[in-house]
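Novice:
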Amino acid sequence: MIKKYLVIVMVLCTFSLSAQDYFPKNDGVKTTNSNFTAFTNAKIYTSPTQIIEKGTLLIKDGKVVASGSSVSIPKNTVIINIEGKTIYPSFIDIYSAFGVSKPKAAASSRSPQYDSNREGYYWNDHIRPEQKAIDHFNFNDKTAEDLRKAGFGVVNTHIPDGIIQGTGSLIALIPQGSDADRILDNNSIQYLSLRKSVASRQAYPTSLMGTMALLRQVNYDADWYAKGLAKTTDRSLEAFNKNKSLVQVIHAGNKMNALRLDKLGDEFNTQYVIVGGGDEYERIDAIKATNATFIIPLDFPDAYDVEDPLLAQAASLSDLREWNQKPANPKFLAEKNVPFTLTLHGLKAPKDFMPNIQKAIEYGLDKTTALEALTTVPAKILGKENTLGTLKNGAYANFLITSGDVFEKETTLYENWVKGKKHEITPMNTTDIRGDYKLSIAGTNYELSISGELSKLKSSIKTDDNNLGSKITYKDDWVNITFSSIDTTKQDYIRLSSRVTASKNLNGKAILPNGNETSFYATKIEKADETKNDNDKKNDDTVKLFPVTYPNEAFGSKTLPQQETILFKNATVWTNENEGILKQTDVLIKDGKIAKIGTNLSAGNAQVIDATGKHLTAGIIDEHSHIATDAVNEAGQNSSAEVTIEDVVNPEDIDIYRNLAGGVTSIQILHGSANPIGGRSAIIKLKWGESANQLIYNNSPKFIKFALGENVKQSNWGDNARTRFPQTRMGVEQVYIDYFTRAQEYDALKKSGKPYRKDLELETLAEILNKERFISCHSYVQSEINMLMKVAEQFNFNINTFTHILEGYKLADKMKAHGVGGSTFSDWWAYKYEVNDAIPYNAAIMHNQGVTVAINSDDAEMSRRLNQEAAKTVKYGGMTEEDAWKFVTLNPAKLLHIDNRVGSIKIGKDADVVLWSDNPLSIYAKAEKTIIEGAVYFDIEKDKAMRADMKKEKNELITMMLQAKNKGLKTQPIKNKEKHILHCDTVDHQN
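Sequential numbering from 3 applies to the sequence shown in our numbering.
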């Protein structure tokens, strides 16, 4: 009877295929289907939280007319009784590229492209808000079928290309009819990303921080354009302004970028919907604080193949933890009430979606929340709550018919109706034959197991301890099984064929390897106590989640360090003040500050540390570093003053912890030396475990990196890098003069009160002219150092610091007269041609001329032993121990204009101190405690304990992975990841 009704519905549907009422019909008689369709006796989820038992769903013309337990059914209604079945709203994916052709990549070339190759659009080719997905859309039947099989009825598709990618289109996955039926909204969302367009080779931006700066500049330019102040037509800015009213979806790809982009959006009162990376659980409180809605992928990693113990040693703790923790990401988001929807993005195929969401549920995701994430949440993001995501009256008739709970592994998806059109996944009258059987053929007994989806079954046949290869097909109520004979020396097969009836057992004809026919019987094994077995199974399969640490990697802490009140007793205190080095002295730290210095200080509630025979110093400050950042150079232009390292601070760089172990508490993260005018700096404290924003100094002094020498004129970039100005040292000087002249004009216009276009690059340079921002300049050769000082004097400002400055000894007197400091290496020389004249006495000579001198690292490894680098100046130049120590503490603090806060042990200054086991200039000295603002961020004893805990945790995770492999789960080879070390000349080409 059910079949009869289904056939009627299919026929009726064909009469109404997308013939719009005002279109002429020239191929027959024009007909209209005015019938209703009613699904009765079903369990109906009208929404994730509203459930009707034994209800009726009434639809007409592709929409829901009514739903409830006592729906009045009109006479002209096709009634389908689906007793025992469940109806759900079909799923929605709002981050799809369905039906959109991939943009053609630009032709390759050895030489970089610096300018746009489009006219009438924005100056940067990677900004493409004028693109419309609908203009590139072609319905793909096969992909649509795969999506429907995964439970999806609607997707929002877009062009996944460019930084600003244009608008998406909302598509119903119906193969019948035309786009007129499928397109629900042809201008639905504006999409953005951090990736450049493949359709252009334009170099800028080459870095993440360049992309961030570009997004800022677009917003400022769009505002200027909207006011009618632009002199030319820009179709990109016109489209961007028009699209501002749309939902803004931006692809972040990981938790760090999510936090960065949300902060950027706040600058322009834009609340992005953020496509995450599945690692949000690692910074869940910060993610919660964004107030953003997230689009979450479900691409969970496979276990690693760790059978080889030597290879297993190469697996990082963070990678092992990711396998354990990532499936719980949706659970953590839900527990923090972070709104999120789920996406197929990142999966190899739509068929992988349901197993992964089942895994997320196994790891603690509530089923109601999972259903909301696939229905009502994406509908709300789209602003389509009244038509999508529920089965309330007036909504599109987009729904699934299943055999039971849609998220259970044994549940069968029978049909996926989209806009009232039926799409059969599995015939509804299919008998479920899955289970375990006792199979008997010609006196031989076997164990038969049938599993998988009804539409794609799997079989397993065993006898004694032998697993026999088998294959099963099931169609039109007939099941056929072929399996290998017991004799494995022969390629013989036994073939079974049975008609499936209402009986739970199977019986039919068996054809033996010799061709003889016989009967077979397969008796289904009933589970004695299914509830008990299920409970036992749940207890056996309880997932053990390892706790998240801060950061969530090796040497992360289970809790963030907190300020303490600490009293150091009887220490040798290197004050870096007029008092010099104080013996047997007490220092009290309270409320993050140095509270008292003296003898016989009382403890109160303070933690007392016996520092007898030990040395207490101010924390080391590295004036020139490239650790703790995700980018170092923006090399797409000869000036990148618009970019800032603050956008790309990476608080999870293990070198932060390693530097703490070397007594370093503050660093300046400098832009690299890819261009004469580089990007802005970030001055941070090494608060291991905190977020990027917590690392950056409050009211941080403003710095920018300039550079001279070989790097900026691309001498060492290869023969193809010959198109960007400047190519000579003379050209470098002209770049400075040109930019500062333009900055003067810009600043004058800004101060005049007249309208002006905000230019981030010129804003920064104007800050230099107004002595609000300081220059730290990469430098080697005497002549160029002279040149830049003269350029600065021409524009009435001073260079703050020459860093490297390996020929500083040649013009230390001029440096003193100019008022510039020198931040140099202790004994690096001859590592490239322009440093051939470097000498290890450089620091001492500059110091003796009255220049403020610091020793820096410019190196992730050297920064861990800056105390020893400072000690070298005692040998090379005869510096006193106190002055040598100031080279890595007080003097870099002065150069960075933070000496009022750090750099010495003085009452009222920040409690950034280090307790050393010995004289800090000794090669035997170890940092026992490194304290920042009264919180202990490194403790040598705690470090030892953590190493033991990490070893234990890693071993336990490896055991769990071995167990997963033994269960037949997929594994992946161990990845030997080498840390990407950034240097002055590192250029990461952003794709």
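For glycine and all other residues, C-beta sits at the position ideal for the given N, C-alpha and C.
Pull up the distance between the alpha-carbon of residue 813 and that of residue 781, whole angstroms please.
Specialist: The count along the sequence shown starts at 1 and reaches residue 813 at position 811. The count along the sequence shown starts at 1 and reaches residue 781 at position 779. For residue 813 and residue 781, the distance between alpha carbons rounds to 13 Å.
Novice: Please name the residue in 939, 172 and 42 whose C-alpha comes closest to that of residue 562.
Specialist: Here residue 562 is taken as the residue at index 560 of the sequence shown, counted from 1. The shortest Cα separation from residue 562 among 939, 172 and 42 belongs to 939.
Novice: Going by C-alpha to C-alpha distance, which of 810, 831, 746 and 762 sits closest to residue 796?
Specialist: Residue mapping note: residue 796 aligns to position 794 of the sequence shown, counting from 1. The candidate whose alpha carbon is nearest that of residue 796 is 746.
Novice: Quick check: the Cα distance between residue 978 and residue 115, rounded to an integer number of angstroms?
Specialist: Position 976 of the sequence shown, counted from the first residue, corresponds to residue 978. Position 113 of the sequence shown, counted from the first residue, corresponds to residue 115. Looking at the two C-alpha atoms, the distance is approximately 35 Å.
Novice: Tell me residue 576's beta-bridge partners as DSSP assigns them.
Specialist: In the sequence shown, residue 576 corresponds to position 574, counting from 1. According to DSSP, which records beta bridges pairwise, residue 576 is partnered with 583 and 619.
Novice: Quick one: measure Cβ to Cβ for residue 54 and residue 71, integer angstroms, because I've assumed they're closer than 8 Å.
Specialist: Here residue 54 corresponds to residue number 52 of the sequence shown, with the count starting at 1. Here residue 71 corresponds to residue number 69 of the sequence shown, with the count starting at 1. Contact annotation, residue 54 with residue 71: C-beta distance approximately 6 Å; criterion of less than 8 Å satisfied.
Novice: Compute every distance between the C-beta of residue 764 and the non-hydrogen atoms of the ligand NAD, then say whether any falls below 7 Å.
Specialist: In the structure shown, the ligand NAD is absent, as is every other ligand, since no ligand is present at all.
Novice: For a quick check, are the C-beta atoms of residue 763 and residue 787 less than 8 Å apart?
Specialist: Counted from its first residue, the sequence shown places residue 763 at position 761. Counted from its first residue, the sequence shown places residue 787 at position 785. Annotated as distal: residue 763 and residue 787, with beta-carbon spacing of 8 Å or more.
Novice: Roughly how many angstroms separate the alpha carbons of residue 474 and residue 467, rounded to a whole number?
Specialist: To locate residue 474, count along the sequence shown from 1; it is residue 472. To locate residue 467, count along the sequence shown from 1; it is residue 465. In a straight line, the C-alpha of residue 474 is about 21 Å away from that of residue 467.
Novice: I'd like the span of the alpha helix (DSSP H) that includes residue 951, first residue to last.
Specialist: Locating residue 951 in the sequence shown gives position 949, counting from the first residue. Taken as a continuous stretch (DSSP letters only), the alpha helix (DSSP H) holding residue 951 covers 942 to 968.
Novice: Considering only residues of the same chain and omitting the five flanking positions on each side of residue 607, which have a CB-CB separation below 7 Å?
Specialist: Stepping through the sequence shown from its first residue, residue 607 is reached at position 605. Excluding residues within five positions, the ones whose Cβ falls inside 7 Å are 567.
Novice: Comparing C-alpha positions only, which one of 147, 853 and 847 sits nearest to residue 822?
Specialist: Residue mapping note: residue 822 aligns to position 820 of the sequence shown, counting from 1. When only C-alpha atoms are compared, the closest one is 853.
Novice: Relative to the alpha-carbon of residue 105, which residue among 774, 177 and 135 has its alpha-carbon at the smallest distance?
Specialist: For the purposes of this step, residue 105 is taken as residue 103 along the sequence shown, with counting starting at 1. Selected option, being the one with the closest Cα: 135.
Novice: What does the alpha-carbon distance come out to for the pair residue 92 and residue 354?
Specialist: By 1-based counting over the sequence shown, the position of residue 92 is 90. By 1-based counting over the sequence shown, the position of residue 354 is 352. Residue 92 and residue 354 have their C-alpha atoms roughly 17 Å apart.
Novice: Is the separation between the beta-carbon of residue 855 and that of residue 826 shorter than 8 Å?
Specialist: Taking the sequence shown and counting its residues from 1, one reaches residue 855 at position 853. Taking the sequence shown and counting its residues from 1, one reaches residue 826 at position 824. Going by C-beta atoms, residue 855 is nearer than 8 Å to residue 826.
Novice: Candidates 990, 986, 963 and 431: which alpha carbon is nearest residue 314's?
Specialist: Translated into positions along the sequence shown, residue 314 becomes position 312. Put simply, of 990, 986, 963 and 431 the residue whose alpha carbon is nearest the alpha carbon of residue 314 is 963.
Novice: For residue 127, which option in 237, 765 and 931 has the closest C-alpha, if you only look at C-alpha atoms?
Specialist: Start at 1 with the first residue of the sequence shown, and residue 127 comes out as number 125. For residue 127, the nearest C-alpha among the options comes from 237.
Novice: For residue 250, which residues does DSSP report across the bridge?
Specialist: In the sequence shown, the residue the question calls residue 250 occupies position 248. Answer is 192, bridged to residue 250.
Novice: Taking a contact to mean a Cβ-Cβ separation below 8 Å, would you say residue 630 touches residue 676 in this structure?
Specialist: Taking the sequence shown and counting its residues from 1, the one referred to as residue 630 is at position 628. Taking the sequence shown and counting its residues from 1, the one referred to as residue 676 is at position 674. Not a contact, by the Cβ cut-off of 8 Å.
Novice: In whole angstroms, what separates the C-alpha of residue 750 from that of residue 802?
Specialist: Within the sequence shown, the letter at position 748 stands for residue 750. Within the sequence shown, the letter at position 800 stands for residue 802. Answer to the nearest angstrom: the Cα atoms are 24 Å apart.
Novice: Skipping 5 residues on each side, what residues in its chain have a beta carbon closer than 8 Å to that of residue 818?
Specialist: Counted from its first residue, the sequence shown places residue 818 at position 816. Hits under 8 Å: 851, 852 and 853.
Novice: Spatial neighbours of residue 957 within its chain, please: CB distance less than 8 Å, with the 5 preceding and 5 following residues excluded, ordered by chain position.
Specialist: Locating residue 957 in the sequence shown gives position 955, counting from the first residue. Same-chain partners within the cutoff: there are none.
Novice: Just to confirm the assignment, what range does the alpha helix (DSSP H) spanning residue 212 have?
Specialist: Here residue 212 refers to the residue found at position 210 of the sequence shown. Its alpha helix (DSSP H) spans residues 210 to 228.
Novice: With a threshold of 8 Å, are at least 3 pairs of Cβ atoms found where one atom belongs to the stretch 570 to 583 and the other to the stretch 522 to 529?
Specialist: no
Novice: Could you check how far apart the C-beta atoms of residue 67 and residue 38 are, in whole angstroms? I think they sit under 8 Å.
Specialist: Walking along the sequence shown from the start, residue 67 turns up at place 65. Walking along the sequence shown from the start, residue 38 turns up at place 36. About 7 Å separates the two Cβ atoms, so the contact holds.
Novice: Report all residues from its chain with a CB closer than 6 Å to the CB of residue 728; omit the five preceding and five following residues, and keep chain order.
Specialist: Along the sequence shown, one-based indexing puts residue 728 at 726. Counting only Cβ-Cβ distances below 6 Å, and skipping sequence neighbours, we find 715, 734 and 737.
Novice: Between residue 293 and residue 279, how many whole angstroms is the CB-CB distance? I'm expecting something under 8 Å.
Specialist: Translated into the one-based positions of the sequence shown, residue 293 becomes position 291. Translated into the one-based positions of the sequence shown, residue 279 becomes position 277. Rounded, the Cβ-Cβ distance is 19 Å, inconsistent with contact.
Novice: Would you list the one or two residues that DSSP bridges to residue 519?
Specialist: Position 517 of the sequence shown, counting from 1, holds the residue named residue 519. For residue 519, which the question treats as bridged, DSSP gives the partners 513.
Novice: Quick check: the stretch 660 to 669 against the stretch 926 to 934, are at least 3 beta-carbon pairs closer than 8 Å?
Specialist: yes
Novice: Alpha carbon to alpha carbon, what distance is there between residue 949 and residue 690?
Specialist: Reading the sequence shown from its first residue, position 688 is the one you call residue 690. Reading the sequence shown from its first residue, position 947 is the one you call residue 949. Cα-Cα distance, rounded: 16 Å.
Novice: What's the C-alpha gap between residue 897 and residue 169?
Specialist: Along the sequence shown, one-based indexing puts residue 897 at 895. Along the sequence shown, one-based indexing puts residue 169 at 167. Whole-angstrom Cα-Cα distance: 48 Å.
Novice: On the three-pair Cβ rule with 8 Å, is the stretch 637 to 657 touching the stretch 614 to 624?
Specialist: no
Novice: For the structure I just gave you, are there three or more beta carbon pairs, one from the stretch 265 to 278 and one from the stretch 244 to 254, closer than 8 Å?
Specialist: yes
Novice: Can you tell me whether DSSP reads residue 352 as helix, strand or coil?
Specialist: Along the sequence shown, one-based indexing puts residue 352 at 350. Reduced to three states, the DSSP call for residue 352 is helix.
Novice: For the stretch 57 to 109, list the beta strand (DSSP E) runs that are entirely contained and at least 3 residues long, ordered along the chain.
Specialist: 65 to 70, 79 to 83, 88 to 91 and 93 to 98
Novice: DSSP puts residue 278 in a beta bridge; with which residues?
Specialist: Your numbering for residue 278 matches position 276 in the sequence shown. Note: residue 278 sits in no beta bridge, so no partner.
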